[in-house]
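Just so you know, the sequences run in chain order A and B. Take the first sequence: its letters are residues 7 to 874, numbered as in our numbering. Take the second sequence: its letters are residues 23 to 143, numbered as in our numbering.
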Amino acid sequence: MRFPWNRRRREQELDEELASHLRMAVAERVARGETPAAAERAARREFGNLGVVREVTRETWGGGWLERLAQDVRYGARTLRRSPAFSITAGLTLALGVGATTAVFTVVNGVLLRPLPYPESDRLALLSYQPKDTPWSSAPGLADADWLSFHRGARLFERMGAASAQLVTLTGAGDPVRLPGAAVSADFFATLGVRIARGRAFSVDEETDGRNRVAMIGHALWRDRFGGDSNIVGRAILLDGVSHTVVGVLPPGLAYPFGAQVWRPLVIRVSPNLSFMLSVVARLRDGVTSQQAAAEIASVAGGAQPHSPGQAPRVAEVIPLKDTVIGNARRSLLVFAGAVGLVLLIACANVANLLLMRAAGRHREMALRTALGAPRRRLIRQLVTESMLLWIVAGALGAAMSVAGVRALLALAPSGRIPRQNEIGVDLAAFAFALGVSLLTGLAFGLVPALRATRPQLRESLAASSRGVSSRDGGVRSALVMAEIALAIVLLAGAGLMTRSFVRMRQLELGFRPSGLVTMTVDLPAASYASATAMRQFHEVTLAQLSRLPGVTSAAAVNFSPLGGALVQGDFQLTGGRSRPNGFLAAKPSVSPGYFRTMGIRLLQGREFTAEDGARAPGVVVVSRRVADAVWPGENALGRQLSMKDKPGPGDWLTVVGVVEDIAQRGLNGERDAAIYRPTAQLDETFFLEHMTFVARAADQPEPVLTGMRQVLRAVDRNLAVASIGTMDATISATVEEPLFQARLIGVFSAFALLLAAIGIYGVVAYSVAERTHEIGIRVALGAVRTDVASLVVRRVLVLVVPGVVLGIGGALAVTRVLASLLFEVKPNDPATLAAVAVLVLATAAVAALVPARRATRVDPLIALRSD
Amino acid sequence: MPKDERGLTRIELLQGTLDLIVLQTLRWGPRHGYGLAQMIRASSRDVLQVDTGSLYPALHRLEKSGAIAAEWEMSENRQRVRVYRLTTAGRKQLAAERSRWEQLSEAIAGILAPPVADGDA
Numbered sequence: 007m008r009f010p011w012n013r014r015r016r017e018q019e020l021d022e023e024l025a026s027h028l029r030m031a032v033a034e035r036v037a038r039g040e041t042p043a044a045a046e047r048a049a050r051r052e053f054g055n056l057g058v059v060r061e062v063t064r065e066t067w068g069g070g071w072l073e074r075l076a077q078d079v080r081y082g083a084r085t086l087r088r089s090p091a092f093s094i095t096a097g098l099t100l101a102l103g104v105g106a107t108t109a110v111f112t113v114v115n116g117v118l119l120r121p122l123p124y125p126e127s128d129r130l131a132l133l134s135y136q137p138k139d140t141p142w143s144s145a146p147g148l149a150d151a152d153w154l155s156f157h158r159g160a161r162l163f164e165r166m167g168a169a170s171a172q173l174v175t176l177t178g179a180g181d182p183v184r185l186p187g188a189a190v191s192a193d194f195f196a197t198l199g200v201r202i203a204r205g206r207a208f209s210v211d212e213e214t215d216g217r218n219r220v221a222m223i224g225h226a227l228w229r230d231r232f233g234g235d236s237n238i239v240g241r242a243i244l245l246d247g248v249s250h251t252v253v254g255v256l257p258p259g260l261a262y263p264f265g266a267q268v269w270r271p272l273v274i275r276v277s278p279n280l281s282f283m284l285s286v287v288a289r290l291r292d293g294v295t296s297q298q299a300a301a302e303i304a305s306v307a308g309g310a311q312p313h314s315p316g317q318a319p320r321v322a323e324v325i326p327l328k329d330t331v332i333g334n335a336r337r338s339l340l341v342f343a344g345a346v347g348l349v350l351l352i353a354c355a356n357v358a359n360l361l362l363m364r365a366a367g368r369h370r371e372m373a374l375r376t377a378l379g380a381p382r383r384r385l386i387r388q389l390v391t392e393s394m395l396l397w398i399v400a401g402a403l404g405a406a407m408s409v410a411g412v413r414a415l416l417a418l419a420p421s422g423r424i425p426r427q428n429e430i431g432v433d434l435a436a437f438a439f440a441l442g443v444s445l446l447t448g449l450a451f452g453l454v455p456a457l458r459a460t461r462p463q464l465r466e467s468l469a470a471s472s473r474g475v476s477s478r479d480g481g482v483r484s485a486l487v488m489a490e491i492a493l494a495i496v497l498l499a500g501a502g503l504m505t506r507s508f509v510r511m512r513q514l515e516l517g518f519r520p521s522g523l524v525t526m527t528v529d530l531p532a533a534s535y536a537s538a539t540a541m542r543q544f545h546e547v548t549l550a551q552l553s554r555l556p557g558v559t560s561a562a563a564v565n566f567s568p569l570g571g572a573l574v575q576g577d578f579q580l581t582g583g584r585s586r587p588n589g590f591l592a593a594k595p596s597v598s599p600g601y602f603r604t605m606g607i608r609l610l611q612g613r614e615f616t617a618e619d620g621a622r623a624p625g626v627v628v629v630s631r632r633v634a635d636a637v638w639p640g641e642n643a644l645g646r647q648l649s650m651k652d653k654p655g656p657g658d659w660l661t662v663v664g665v666v667e668d669i670a671q672r673g674l675n676g677e678r679d680a681a682i683y684r685p686t687a688q689l690d691e692t693f694f695l696e697h698m699t700f701v702a703r704a705a706d707q708p709e710p711v712l713t714g715m716r717q718v719l720r721a722v723d724r725n726l727a728v729a730s731i732g733t734m735d736a737t738i739s740a741t742v743e744e745p746l747f748q749a750r751l752i753g754v755f756s757a758f759a760l761l762l763a764a765i766g767i768y769g770v771v772a773y774s775v776a777e778r779t780h781e782i783g784i785r786v787a788l789g790a791v792r793t794d795v796a797s798l799v800v801r802r803v804l805v806l807v808v809p810g811v812v813l814g815i816g817g818a819l820a821v822t823r824v825l826a827s828l829l830f831e832v833k834p835n836d837p838a839t840l841a842a843v844a845v846l847v848l849a850t851a852a853v854a855a856l857v858p859a860r861r862a863t864r865v866d867p868l869i870a871l872r873s874d
Numbered sequence: 023m024p025k026d027e028r029g030l031t032r033i034e035l036l037q038g039t040l041d042l043i044v045l046q047t048l049r050w051g052p053r054h055g056y057g058l059a060q061m062i063r064a065s066s067r068d069v070l071q072v073d074t075g076s077l078y079p080a081l082h083r084l085e086k087s088g089a090i091a092a093e094w095e096m097s098e099n100r101q102r103v104r105v106y107r108l109t110t111a112g113r114k115q116l117a118a119e120r121s122r123w124e125q126l127s128e129a130i131a132g133i134l135a136p137p138v139a140d141g142d143a
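1. State yes or no: is the C-beta of Tyr135 of chain A within less than 9 Å of the C-beta of Ala440 of chain A?
2. Counting contacts by CB-CB distance shorter than 9 Å, is Val58 of chain A in contact with chain B?
3. Does Ala31 of chain A get closer than 9 Å to chain B when you measure Cβ to Cβ?
4. Leaving out five residues before and five after Leu227 of chain A in sequence, what residues of the same chain have Cβ atoms less than 7 Å from its Cβ?
5. Name the two residues that bound the continuous alpha helix (DSSP H) containing Asp529 of chain A.
6. Going along the chain, which residues of the region 438 to 449 of chain A sit with their C-beta nearer than 8 Å to a C-beta in chain B?
7. When the cut-off is 9 Å and only beta carbons count, does Asp73 of chain B lie next to chain A?
8. Does chain B have any CB closer than 9 Å to the CB of Trp67 of chain A?
9. Establish whether the CB of Phe875 of chain A and some CB of chain B are separated by less than 9 Å.
10. Tell me whether Leu40 of chain B, by its Cβ, gets closer than 8 Å to a heavy atom of the ligand MN.
11. In terms of residue numbering, what span does the alpha helix (DSSP H) encompassing Glu876 of chain A cover?
12. Output yes if chain A places a C-beta closer than 9 Å to the C-beta of Ile33 of chain B; else output no.
13. For Glu429 of chain A and Val800 of chain A, I'd like the C-alpha separation in whole angstroms.
14. Under 9 Å between beta-carbons, which chain A residues line up against Gln101 of chain B? List them in chain order, please.
15. Judging by CA-CA distance, which residue of A:Lys651, A:Met715, A:Val807 is the nearest neighbour of Ser553 of chain A?
16. Is the separation between the beta-carbon of Ala563 of chain A and that of Ser534 of chain A shorter than 9 Å?
17. Could you run through the region 104 to 119 of chain B and flag, in chain order, every residue whose CB is less than 7 Å away from some CB of chain A?
18. Pro710 of chain A and Pro556 of chain A - do their beta-carbons sit closer together than 9 Å?
19. Using only CA atoms, which one of A:Thr330, A:Leu449, A:Ser521 lies nearest to Gln707 of chain A?
20. Please classify Ile869 of chain A as buried or exposed, where buried requires at least 16 other C-beta atoms within 10 Å of its C-beta.
21. Who are the neighbours of Gly55 of chain B on chain A, taking C-beta pairs under 7 Å?
22. Check whether the Cβ of Val795 of chain A lies closer than 9 Å to any Cβ atom in chain B.
23. Mind checking who Ala188 of chain A pairs with in its DSSP beta bridge?
24. Is there a Cβ from chain A that is less than 9 Å from the Cβ of Ala59 of chain B?
25. Which residues bound the alpha helix (DSSP H) around Tyr773 of chain A?
26. Do you know offhand how far Gly474 of chain A's Cα is from Glu392 of chain A's?
27. Out of A:Ile731, A:Pro867, A:Val482, point me to the one whose CA is closest to Ile784 of chain A's CA.
28. How close, in whole Å, do the beta carbons of Met394 of chain A and Thr460 of chain A come, if the pair is a contact with beta carbons under 8 Å?
29. Using only alpha-carbon positions, find the residue among A:Gln575, A:Gly753, A:Ala776 that is nearest to Asp679 of chain A.
30. Nearest chain B C-beta to Thr63 of chain A closer than 9 Å, yes or no?
31. Spell out whether any CB of chain B is found under 9 Å from the CB atom of Arg13 of chain A.
32. Judging by CA-CA distance, which residue of A:Arg87, A:Gly116, A:Glu22, A:Thr41 is the nearest neighbour of Val105 of chain B?
33. Using a Cβ cut-off of 7 Å, pull out every chain A residue sitting near Arg83 of chain B, in sequence order please.
34. Check Ile877 of chain A in the structure and name its three-state DSSP category.
35. How about Ser668 of chain A and Ala681 of chain A: do their beta carbons lie closer than 9 Å?
36. Buried or exposed for Ala89 of chain B, going by 16 or more other Cβ atoms inside 10 Å?
Have a look at this one:
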């Protein structure tokens, strides 16, 4: 058995064998009386072509393909090295294309494709059992009573854990800071399959009041705030002012649920009037389907607590955990994947064009080799190998570049908007992808030039002039450039639409004046502020000090600030047998006096709240325009009464004293919410008072006001942490961060695509001019003027660009429909955008064709006619 | 295509037939490539001259399939020559090829022979 690495030895042996044959043949002839010289000649003639015999014999060995491949690769590398301009241009283009594609793939893989980092994560799901078709959408959740009955009674689930979101203030370890946290049941982490890095998870008896002064912290928190203390387990920390013992640290990268950094035991206090919704994660038993599981939920929970009539029917759902983590990112990511795919195609088309132009210069070489006996298949294989070499090297370079690309993507992306961000990294899958893409595109785009280059038209190739410029593949090249233009237009249209959408959002009228507004949100911990009175006092003191800050024109407070992420909506009752319109809900913020003035909200009728609207004064409300129009259409809303309670008693009726303009409460989606405002002084529930946002209008620069607000807070209560602080402009920007990011990314892709298309146009036009130099020389000699020559070139460009643009617009109309859900107040077939894109591409084509056109007009007929 | 000095023409052989000839010739004892070519020429009374472009691929192919085995030996004038010999498997293959050839030549002989006279024709 002979092995491939013995091949060289076998070749040597074969040579020896054939040489000995020849030797013996010569010897015999000499023995028969011929002269050595004649014997040599005759024997060689009889032997035949030594090279051919060697080749043919070697072929019987098999395994020659590896040899040939190595040979082709060496040859390809040599030819690429000989034309550095081409190699570098093509290589860079490809590297950028593959690099961008790999970067996007890495993100898509990390978010969409890879399973969650829990063992057998496809069996994990979120359980939900709540009314479905309500006006407000809610996250999947289980009522706490259902959780308790279910935890005991479910068969189809291996394990379950419940969680509830919390915000806790950490003090005593650096500045007081407000952290996202969660209250979790004892088996929560066991359900997920998470291994606790240090210490342990909670035990069941810690789920009771009095024994729940324990906590677990996340890896980042442990590292940043506690210096990676190895004695962290058992240490006491202050959460919301109460001492908790740390019992465990979670492994790095785990911030589930709700981005939590600190976890406490979940204590359930079931009360008949109030039910809290919990997020429940469950691990299904092997083989159990979601439908079976949902049916079990309905029967167990529904059986334990049959729903009361008048309440909307509850629907059981079992939602795979991965879907909830990915959320809305799927659509954006797929759009990016599509966009970057287009960029890659354009890059490949450009390189294919370059290859074609280069191959045209080599057709003499190919013709010669064919005439000398090389089979066409061999030549094609060689050219394809050369292309693949280029593609693979460029691809490897691109993969290396994608590392930086991924980092840039994640840095530019709105923070926290890309789910599973810490799981995204360039890894083996990404490199395999880059390699696969390179191979595929290299094969596809390298094959056609190879086929064209080796077309068997020997005579005309060999006889062609040594200029090396031929018009043979003009059709294919033009088609490629037209395709590039079309693809670039599709991308540009997408970018244009998203940019317009973003601008529209940004310019949205919100109903209040954001510029100059500064907000500071504070959550009051129940431990230090036990009563509504205490909270109100805090607000008054703080407000008073804020108003006195230098640079502040006015200050006010609101519990649910617009665009603040938290909102309470509800219904209300009316007097005199009136009913509000079906399903009509209003936001119910409570505000301090002077709120509307500070925010710049227009007062349409009546008055604002004043200091007189205190706890003992008659209850008053200010309604927004939509409420007035919906409830008292055509009438004067002032003096009317409504109540926030379901069954209002005589003292529960509130009088409308003012009507204000509607404002955007929830987000920049163009909607203005109906709102009913109450003065904070007249509120008693701590729930409505513990979360408060102070707004101040800065006369000048906001920064000194920001610092001042922090100082005021520290002065009023040293242990309070700021939940968030910033300018309203920044908050608005954050809201549109995502569309901005999307528009930017697609913008970058489309700019690159346009550049490539321009290069493609330039290449083709320059080539066309070069091959027609002779013809131009004749025309000029016969009296053609510069403009005539220029119009020649212009015609060539138009023939190229116009079909491409038409094709591109058609493609854009078809493709941009996909973007419809991401656009705001802009239609996918917006004619203005498409027109602008078409004009841009035409202008770019004109600029790209400028240089070759000038060169054409400068053709000296003497030189042109002489070089033949 | 140059003719041999003795005015003989070369006949191109089918690959299967060449295998048969090589194996049969090796039955008479191990030979190197040149010797094999000479012997085939001699045995066929100069009718068959196998050219190197057919012989050596055949030899290497047969070696790869195990019908023959090869070794380097020293010739009389102390030069290295590669000598081939028949293996057991080769003998079996030879027998099979031989019977196939005989069948074939019988069949062709039957076609070429004058037709059997029919009673009434």
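For every residue, glycine included, the Cβ atom is placed at its ideal position computed from N, Cα and C.
Taking the geometry as given:
1. Within the first sequence, numbered from 1, the residue matching residue 135 of chain A stands at position 129. Within the first sequence, numbered from 1, the residue matching residue 440 of chain A stands at position 434. Cβ distance not < 9 Å, so Tyr135 of chain A and Ala440 of chain A don't count as in contact.
2. On the first sequence, position 52 is the one that residue 58 of chain A refers to. It does: the Cβ of Val58 of chain A has a partner Cβ on chain B nearer than 9 Å.
3. Taking the first sequence and counting its residues from 1, one reaches residue 31 of chain A at position 25. Answer yes: the Cβ-Cβ gap between Ala31 of chain A and chain B drops below 9 Å somewhere.
4. If you number the first sequence from 1, residue 227 of chain A lands on position 221. Contacts found: Gln267, Val268.
5. Position 523 of the first sequence, counted from the start, is the residue given in the question as residue 529 of chain A. Asp529 of chain A -> not in any alpha helix (DSSP H); beta strand (DSSP E) instead, spanning 523 to 529.
6. none
7. In the second sequence, the residue the question calls residue 73 of chain B occupies position 51. Yes, Asp73 of chain B lies at the interface with chain A (some Cβ there is under 9 Å from its Cβ).
8. Start at 1 with the first residue of the first sequence, and residue 67 of chain A comes out as number 61. So yes, Trp67 of chain A belongs to the interface.
9. Coverage of chain A is limited to positions 7 through 874, which leaves residue 875 of chain A absent and any answer about it impossible.
10. Ligands are entirely absent from the displayed structure, and the ligand MN is therefore not among its contents.
11. Outside the shown range of chain A (7 to 874) lies residue 876 of chain A, about which nothing can therefore be said.
12. As a first step, residue 33 of chain B is located in the second sequence; it is residue number 11 there, counting from the start. Low confidence applies here, because Ile33 of chain B scores a pLDDT of 47, under 50, leaving its location unreliable and the question unanswered by this model.
13. The count along the first sequence starts at 1 and reaches residue 429 of chain A at position 423. The count along the first sequence starts at 1 and reaches residue 800 of chain A at position 794. Approximately 52 Å, taken between the alpha carbons.
14. Counting from one through the second sequence, the residue named residue 101 of chain B turns up at place 79. Chain A residues near Gln101 of chain B: Ser26, Arg29, Met30.
15. Residue mapping note: residue 553 of chain A aligns to position 547 of the first sequence, counting from 1. For Ser553 of chain A, the nearest C-alpha among the options comes from A:Met715.
16. Walking along the first sequence from the start, residue 563 of chain A turns up at place 557. Walking along the first sequence from the start, residue 534 of chain A turns up at place 528. Not closer than 9 Å, so no.
17. Arg104
18. Counting from 1 along the first sequence, the entry for residue 556 of chain A is found at position 550. Counting from 1 along the first sequence, the entry for residue 710 of chain A is found at position 704. Yes, the pair counts as a contact, with Cβ atoms nearer than the cut-off.
19. If you number the first sequence from 1, residue 707 of chain A lands on position 701. The option with the nearest alpha carbon to Gln707 of chain A is A:Ser521.
20. Residue 869 of chain A sits at position 863 when you count from the first residue of the first sequence. Exposed, by the Cβ-count rule.
21. Mapped onto the second sequence, residue 55 of chain B falls at position 33. Residues of chain A passing the Cβ test: Glu23, His27.
22. By one-based count along the first sequence, residue 795 of chain A stands at place 789. Judged by the 9 Å Cβ criterion, Val795 of chain A is not in contact with chain B.
23. Position 182 of the first sequence, counted from the start, is the residue given in the question as residue 188 of chain A. In DSSP, Ala188 of chain A forms a bridge with A:Ala171, A:Trp269.
24. For the purposes of this step, residue 59 of chain B is taken as residue 37 along the second sequence, with counting starting at 1. Interface residue, yes.
25. For this step, residue 773 of chain A is matched to residue 767 along the first sequence. 743 to 777 is the span of the alpha helix (DSSP H), which, as asked, contains Tyr773 of chain A.
26. Translated into positions along the first sequence, residue 474 of chain A becomes position 468. Translated into positions along the first sequence, residue 392 of chain A becomes position 386. With a pLDDT of only 45 at Gly474 of chain A, under the threshold of 50, the placement of this residue in the model should not be trusted; the figure read from the coordinates follows. If you take the alpha carbons of Gly474 of chain A and Glu392 of chain A, they lie about 20 Å apart.
27. Here residue 784 of chain A refers to the residue found at position 778 of the first sequence. Here the closest residue by C-alpha is A:Pro867.
28. Working through the first sequence from its first residue, we reach residue 394 of chain A at position 388. Working through the first sequence from its first residue, we reach residue 460 of chain A at position 454. Incorrect: roughly 16 Å between the Cβ atoms, too far for contact.
29. Working through the first sequence from its first residue, we reach residue 679 of chain A at position 673. Closest by alpha carbon: A:Gln575.
30. Taking the first residue of the first sequence as position 1, residue 63 of chain A is located at position 57. Taking Cβ atoms only, chain B reaches closer than 9 Å to Thr63 of chain A, which makes this a yes.
31. Walking along the first sequence from the start, residue 13 of chain A turns up at place 7. Answer no: the Cβ-Cβ gap between Arg13 of chain A and chain B never drops below 9 Å.
32. Here residue 105 of chain B refers to the residue found at position 83 when the second sequence is read from its first residue. It is A:Glu22 whose Cα lies nearest to the Cα of Val105 of chain B.
33. Taking the second sequence and counting its residues from 1, the one referred to as residue 83 of chain B is at position 61. Going along chain A in sequence order, the residues near Arg83 of chain B (Cβ under 7 Å) are Thr66.
34. Since the displayed chain A opens at 7 and closes at 874, residue 877 of chain A lies outside it and no answer follows.
35. Within the first sequence, numbered from 1, the residue matching residue 668 of chain A stands at position 662. Within the first sequence, numbered from 1, the residue matching residue 681 of chain A stands at position 675. Just to set this straight, residue 668 of chain A is Asp in the shown sequence, not Ser. Going by C-beta atoms, Asp668 of chain A is nearer than 9 Å to Ala681 of chain A.
36. Reading the second sequence from its first residue, position 67 is the one you call residue 89 of chain B. By the 10 Å Cβ count, Ala89 of chain B comes out buried.
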